[in-house]
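> In the working numbering, the protein residues as written are 27 to 144.
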DNA sequence: AACTTGACGAGGG
DNA sequence: CCCCTCGCCAAGT
């Protein structure tokens, strides 16, 4: 499996599509849930090619900040879309993950089971 | 094949 | 909270 495989990317997109409006997930979190073969960096790489229908704006970094820095996507754009969904950001551009981070059904921080979504 | 660059993340100062 | 260093791994040169 690699980022070039369709299935590899589809797993990421399917998970992202499951994120409810007004909630977010982090790159590392997604990598951890998908498990073997996935890392925060590869998830980020896959996300730059997200097609329509994928709520890409709901994926942020582990600090609760937007990390589209040097890309074609302006940071303010992603943040404003999220704010429009109800996510509140501090003046420094950080949101409270405790409050907005979303976990798939039956998946808790405590358990270390990376193979529920396969 | 070597080297640089990231939609990253954890840890230290 | 900011900045830096590393580990990470795929892409582009």
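Backbone N, C-alpha and C fix where the C-beta goes; we use that ideal spot for every residue, glycine too.
Mapping the DSSP letters down to three states, classify residue 45 as helix, strand or coil.
Mapped onto the first chain, residue 45 falls at position 19. Correct three-state label for residue 45: coil.
> Whose C-beta lies closer than 7 Å to the C-beta of residue 65 among residues of the same chain, with five residues either side of it excluded?
The count along the first chain starts at 1 and reaches residue 65 at position 39. Cβ within range, chain order: 57.
> Looking at C-alpha atoms only, which residue of 45, 50, 76 is the closest neighbour of residue 34?
As a position in the first chain, residue 34 is number 8, starting the count at 1. When each option's Cα is compared against that of residue 34, the closest is 76.
> Counting pairs of beta carbons, one from the region 96 to 110 and one from the region 27 to 43, are three or more of them closer than 8 Å?
Taking 8 Å as the limit for Cβ pairs, the verdict is that the region 27 to 43 does not touch the region 96 to 110.
> Rank 59, 93, 78 by C-alpha distance to the C-alpha of residue 71 and give the top, closest one.
Taking the first chain and counting its residues from 1, the one referred to as residue 71 is at position 45. The shortest Cα separation from residue 71 among 59, 93, 78 belongs to 93.
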